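*Asks:* Okay, so the sequence shown: first residue is 96 according to this note's numbering, each after it adds one.
My questions will all concern the structure given below.
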Amino acid sequence: MHVPRRFDKAHTVADFRCLAKAFLPQPVFDYLDGGAEYESAMRNNRAVFERVRFRPRTMVDVRKRSTETELFGTRVAAPFAIAPMGGLGLFWPRAEIAFARACAAANVPYGLSTGSNSTIEEVAAAAPDAQLWFQLYVFNDEAMNHALVERAQASGYRALMVTTDTHLFPKRHRDLRNGFRSTLSKTPRNILSILRCPRWMWHMMIRRRLPAMVNLTLAHDRPIDRMAAASYFLNERRPSFDLEHLKALRRQWKGPLLVKGVLRVDEAIQIRNCGADGIILSNHGGRNLESAAAPLEVLPEIVDAVGQRMSVLIDSGFRSGNDVVKALALGAKAVLFGRAGGYAVASGGEAAVGRLLDLMRNEVDRTLGYLGCTAVDQLSRDYLLFDRGLPGSNASPALTI
Ligand SMILES: Cc1cc2nc3c(=O)[nH]c(=O)nc-3n(C[C@H](O)[C@H](O)[C@H](O)COP(=O)(O)O)c2cc1C
96 MHVPRRFDKA HTVADFRCLA KAFLPQPVFD YLDGGAEYES AMRNNRAVFE
146 RVRFRPRTMV DVRKRSTETE LFGTRVAAPF AIAPMGGLGL FWPRAEIAFA
196 RACAAANVPY GLSTGSNSTI EEVAAAAPDA QLWFQLYVFN DEAMNHALVE
246 RAQASGYRAL MVTTDTHLFP KRHRDLRNGF RSTLSKTPRN ILSILRCPRW
296 MWHMMIRRRL PAMVNLTLAH DRPIDRMAAA SYFLNERRPS FDLEHLKALR
346 RQWKGPLLVK GVLRVDEAIQ IRNCGADGII LSNHGGRNLE SAAAPLEVLP
396 EIVDAVGQRM SVLIDSGFRS GNDVVKALAL GAKAVLFGRA GGYAVASGGE
446 AAVGRLLDLM RNEVDRTLGY LGCTAVDQLS RDYLLFDRGL PGSNASPALT
496 I
């Protein structure tokens, strides 16, 4: 497929966002770009980065630098991954495969969502070198959960991430106004917004139909259709997932087990005691709970509590390599990019995601060098200066301004 390389001129995530906005029908762009309710959690996810600044060390030999790190026993080229996102097929045909291949080429992990538009098996077969992590949404039907985990295991996924912060259906004002419910319904208004995007229409026509949550369409006694799968996805999530369920998952899954959606010290400790290998601090990019704390705000206290015994990863609001370095200096092991990846894939598929990953790795590398570090494990809170009110400032009162 010929893809005009408009993204070659993208230098920031904001540039990719502009390209995505121009390409996607407005309800689809809003699904990617928007947040929960009044979007205050989403805005705060970005605002917190402004309150952490660097104290560089300048007289260090930084000619040889490395952005590599180790995640769950595997060497990766950079301390970041692509976060799981459902419904990606609306942004680009076979978007999950584009992500998996771009991440394999960049040697960083890719998180496949339960709500993906290519199956668990298709993605694994299309990107055999990729480090794939499978993200599980827990459903009421235990047989469904069991089958999804088995399929990920059989297909060679390296880690399982169970997402615990989306047990209720979120209220997203933009989606409500657009009549968007997990997939694009064929209302006159949506059809009009599609007609305004001929390039998107052309790309989608390659698939000949709107994407479905194929992991779910095929997982029933009889295959179900696109709308039935979307409805199952929305209505059958289990609002009672607890530590006993987590222990059962621990027994079933043989590889690294991560819990995604953690924002509290006490829960982090409980998760560790259930035998999980890692947590992903996340407020789902501000897409679920209005006014949820930004993960960066709670990162230092959670790292202090469990960081020695498990890997603490983080997402929500990350838009640059500079942001990544701040989280690593606060003790995170790695960062997941959500919307940044979504904007990139909608700007030109696999090649555009490749460019995004390259830009991010480059930014991490340059920031490291400016700080006087030659490897990511040299980063510490000593390199940071905090505004009053950030929990990190309690941990290092001398650094409070
Ligand atoms: C369009 C979209 C779909 C998402 N779908 C999922 C999903 O299926 N499972 C999940 O655990 N998180 C999902 N997320 C949340 C991301 O994994 C991640 O936590 C969040 O995007 C991080 O914030 P950021 O977008 O500001 O980087 C989704 C996010 C977006 C933007």
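Where is the CB? At the ideal position from N, CA and C, for every residue including glycine.
Computed from a predicted structure; not experimentally measured.
Less than 6 Å between C-beta atoms, sequence neighbours within five positions excluded: which residues of the same chain meet that for Arg112?
*Replies:* To locate residue 112, count along the sequence shown from 1; it is residue 17. Hits under 6 Å: Tyr438.
*Asks:* When every heavy atom of ligand 1 is checked, does at least one fall within less than 8 Å of the C-beta of Met296?
*Replies:* Within the sequence shown, the letter at position 201 stands for residue 296. Not under cutoff, so the answer is no.
*Asks:* Between the C-alpha atoms of Asp236 and Lys266, what's the straight-line distance to the nearest angstrom?
*Replies:* Residue 236 sits at position 141 when you count from the first residue of the sequence shown. Residue 266 sits at position 171 when you count from the first residue of the sequence shown. Near 24 Å, if we compare the C-alpha coordinates of Lys266 and Asp236.
*Asks:* Note down the Cα distance separating Ile397 from Gln403, rounded to an integer number of angstroms.
*Replies:* Here residue 397 corresponds to residue number 302 of the sequence shown, with the count starting at 1. Here residue 403 corresponds to residue number 308 of the sequence shown, with the count starting at 1. Straight-line measurement puts the Cα of Gln403 at about 10 Å from the Cα of Ile397.
*Asks:* What residues in its chain sit with their C-beta under 6 Å from that of Leu341, if we drop five residues either side in the sequence?
*Replies:* The residue given as residue 341 occupies position 246 in the sequence shown. Spatial neighbours of Leu341 in its own chain (CB-CB distance under 6 Å, excluding positions within 5 residues in sequence) are listed in chain order as Cys369.
*Asks:* Is the distance from the Cβ of Phe175 to the Cβ of Ala429 below 9 Å?
*Replies:* Walking along the sequence shown from the start, residue 175 turns up at place 80. Walking along the sequence shown from the start, residue 429 turns up at place 334. Yes.
*Asks:* For Asp47, is the beta carbon positioned less than 8 Å from some heavy atom of ligand 1?
*Replies:* Residue coverage of the chain in this structure runs from 96 to 496, which leaves residue 47 outside it and unanswerable.
*Asks:* Would you identify the three-state DSSP class for Phe481, choosing helix, strand or coil?
*Replies:* Position 386 of the sequence shown, counted from the start, is the residue given in the question as residue 481. In this structure, Phe481 counts as strand in the three-state DSSP scheme.
*Asks:* Excluding sequence positions up to five away, which residues of its chain have a Cβ less than 8 Å from the Cβ of Ser415?
*Replies:* For the purposes of this step, residue 415 is identified with residue 320 of the sequence shown, where counting begins at 1. Excluding residues within five positions, the ones whose Cβ falls inside 8 Å are Thr107, Val108, Met455 and Glu458.
*Asks:* Are Asp453 and Ala201 close, meaning C-beta to C-beta below 9 Å?
*Replies:* As a working mapping, residue 453 is identified with position 358 in the sequence shown. As a working mapping, residue 201 is identified with position 106 in the sequence shown. Taking 9 Å as the Cβ cut-off, Asp453 and Ala201 qualify as a contacting pair.
*Asks:* Starting from Val165, trace the alpha helix (DSSP H) both ways and give me its first and last residue.
*Replies:* Along the sequence shown, read from residue 1 onward, the residue named residue 165 stands at position 70. Correcting the residue identity first, residue 165 is Glu in this sequence and not Val. Counting along the chain, Glu165 falls outside any alpha helix (DSSP H), though it belongs to the beta strand (DSSP E) covering Thr164 to Leu166.
*Asks:* Checking the sheet assignment: what are the DSSP bridge partners for Ser406?
*Replies:* The residue labelled residue 406 in the question sits at position 311 within the sequence shown. Under the DSSP definition of a beta bridge, Ser406 partners with Gly373.
*Asks:* Comparing alpha-carbon positions, which option in Val357, Glu216, Ala115 and Trp348 lies nearest Val393?
*Replies:* Mapped onto the sequence shown, residue 393 falls at position 298. Closest by alpha carbon: Val357.
*Asks:* Leaving out the 5 sequence neighbours to the left and right, which residues in its chain are closer than 6 Å to Asp110 when beta-carbon positions are compared?
*Replies:* Here residue 110 refers to the residue found at position 15 of the sequence shown. Closer than 6 Å at the Cβ level, and outside the excluded window around Asp110, lies no residue.
*Asks:* Check whether the stretch 244-254 touches the stretch 186-195, counting contact only when three or more Cβ pairs, one atom from each stretch, lie closer than 8 Å.
*Replies:* No, they do not touch.
*Asks:* Mind the definition here: the stretch 271-279 touches the stretch 161-178 only if three or more C-beta pairs lie below 8 Å; say whether that holds.
*Replies:* no
*Asks:* Could you check the C-alpha separation between Val309 and Arg321 for me, to the nearest Å?
*Replies:* Stepping through the sequence shown from its first residue, residue 309 is reached at position 214. Stepping through the sequence shown from its first residue, residue 321 is reached at position 226. Rounded to whole angstroms, Val309 to Arg321 spans 8 Å at the Cα level.
*Asks:* Under 8 Å: do the stretch 328-338 and the stretch 216-223 share three or more Cβ pairs, one atom per stretch?
*Replies:* no
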